[in-house]
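Encoded as structure tokens, the structure appears first; notes follow it.
Residue numbers (my numbering), protein chains in the order written: chain A, 1 to 230; chain B, 231 to 448.
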């Protein structure tokens, strides 16, 4: 057959593409269970981090089982428990629904000293892409015990700093309700938050990401307002 | 395939040693710079990236060389791209399954191996016109030349920028002792940022050229 002819070229391209597609589909399908497992473990590491439990890929499963296990809930905006598995709720999908149609997952974590913390997942948008995190509350349901944030691709050195300790630590001890019980969320403020119980310092040069964190906290936490007040 | 000459004849050995030294893809041909800047803030991703590029380049060279007499000239670039893209997806999938943390760090740069000029360059310049064994050696050589530079750059950036060295399977080693910090030593945060990778590559080029005068253009 003429190797420079149209027929040969078409046949060559078609056969090659079919073979490549088959190989890739096979590999992708056979590796999928292991990959999903990795994503799950990464999520458990994040959840545990929000209550200050450090874990790695090896012990995350055991620690999660020990401290949280089946102690999870899915609630609706009225604070009533609804059916479903908290761990499998995809916050990205929930946030696209109307606030009162969303499922709100939460985790209850029992620490070694017997204290119980409520862990709430967060999700929002930064400057370049999604940002997410977990915030844990004390038993009084208003004081923050810990928070952890991560991002897909915020600017290194600026917005990306939200995943660093120095940004996350100040959240400890802040409250999401004021004395009268009104929902205030926690704001990430430019120009200092000294003395403000509902705000932390923003990151210079990372304004849009900082605002993203504020919006994320407001948007995600307000769905839990009724539940937390009960 | 090598009836007349031994597998590692002097000529074949040159295929490996040349790209590591006098024909280095990064420092001499200045190819593959973008990924060299992006993944060298720590040693571990640099090593994993080098291994991934070696895997892709060796097999792409091998497949293209095996197919070289059947590929229709008009779609040869497309054929090369399909082979490279398939191999890159394989690497990406394998990393996601078995080295999840590293794959998160490398993120988009694994996918961008497809656009690494070294790979297309070697396929076009070498594999299309040479036998499979030589092509494999050429792939090993060029990927090694790329990897050596990546590892050197990452070594200095992590050491000076963070005071640590992160090795695969070993973990993060603290190299600068605490006593240094107590005496007032500070990590150079600038080393972590991409511009310093460019400066480091520049310094390597400078050192290489001052040692090998043949490389200096008249």
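Note that CB positions come from ideal geometry on N, CA and C, so glycine has one too.
Please state if the CB of residue 375 of chain B and the CB of residue 280 of chain B are separated by a distance shorter than 8 Å. no
Against chain A, which members of the region 415 to 430 of chain B pass a CB distance test of less than 7 Å? 423
Helix or strand or just coil, what does DSSP make of residue 221 of chain A? helix
Length of the line joining the Cα atoms of residue 2 of chain A and residue 346 of chain B: 33 Å
Under 9 Å between beta-carbons, which chain B residues line up against residue 27 of chain A? List them in chain order, please. 319, 320, 323 and 324
Among A:213, A:180, A:185 and A:152, which has the Cα closest to the Cα of residue 167 of chain A? A:213
Beta carbon proximity, residue 298 of chain B to chain A, threshold 8 Å: no
Per DSSP, residue 123 of chain A forms a beta bridge with which residues? A:132
Could you tell me which chain B residues have their CB closer than 7 Å to the CB of residue 122 of chain A, listed as they occur along the chain? Residues of chain B passing the Cβ test: none, with the nearest at roughly 19 Å.
Within the same chain, show all residues whose beta-carbon is closer than 7 Å to that of residue 202 of chain A, passing over the 5 residues directly before and after it, in chain order. 188, 189, 190 and 210
Does any C-beta atom of chain A lie closer than 8 Å to the C-beta of residue 309 of chain B? yes
Counting only runs that start and end within the region 315 to 374 of chain B, where is the beta strand (DSSP E) found for 3 or more residues in a row? none
Is it the case that the region 64 to 80 of chain A contacts the region 140 to 159 of chain A, given that we only count it when at least three CB pairs across the two stretches are under 8 Å? no
Own chain, CB closer than 6 Å to residue 13 of chain A, minus 5 neighbours either side, in chain order: none
Compare the C-beta of residue 330 of chain B against all C-beta atoms of chain A and say whether one is closer than 8 Å. yes
Does residue 295 of chain B pass the burial test, meaning 16 or more other C-beta atoms within 10 Å, or should it be called exposed? buried
Beta-carbon spacing of residue 185 of chain A, residue 221 of chain A below 8 Å: yes
With residue 63 of chain A as the anchor, note down where its alpha helix (DSSP H) starts and where it stops. 60 to 67
Ordered along the chain, which non-local residues of its own chain (more than five positions away) have a Cβ less than 8 Å from that of residue 198 of chain A? 174, 175, 176, 178, 184, 185, 186 and 187
Nearest CA to the CA of residue 162 of chain A: which residue from A:170, A:171, A:172 and A:150? A:150
So, at 7 Å on beta carbons, what are the nonlocal neighbours of residue 277 of chain B in its own chain, with the 5 sequence-adjacent residues on each side left out? 381 and 398
Per-residue contacts from residue 312 of chain B into chain A (C-beta, under 8 Å): 16, 17 and 20
For residue 422 of chain B and residue 433 of chain B, what's the separation of their Cα atoms in angstroms? 16 Å
Inter-residue spacing [alpha-carbon to alpha-carbon] between residue 208 of chain A and residue 103 of chain A: 27 Å
Could you check the C-alpha separation between residue 301 of chain B and residue 309 of chain B for me, to the nearest Å? 7 Å
Going along the chain, which residues of its own chain have a beta-carbon closer than 8 Å to the beta-carbon of residue 82 of chain A, five neighbours each way excluded? 74, 75, 76 and 103
Distance cutoff 8 Å, beta carbons only. Does residue 24 of chain A sit that close to anything in chain B? yes
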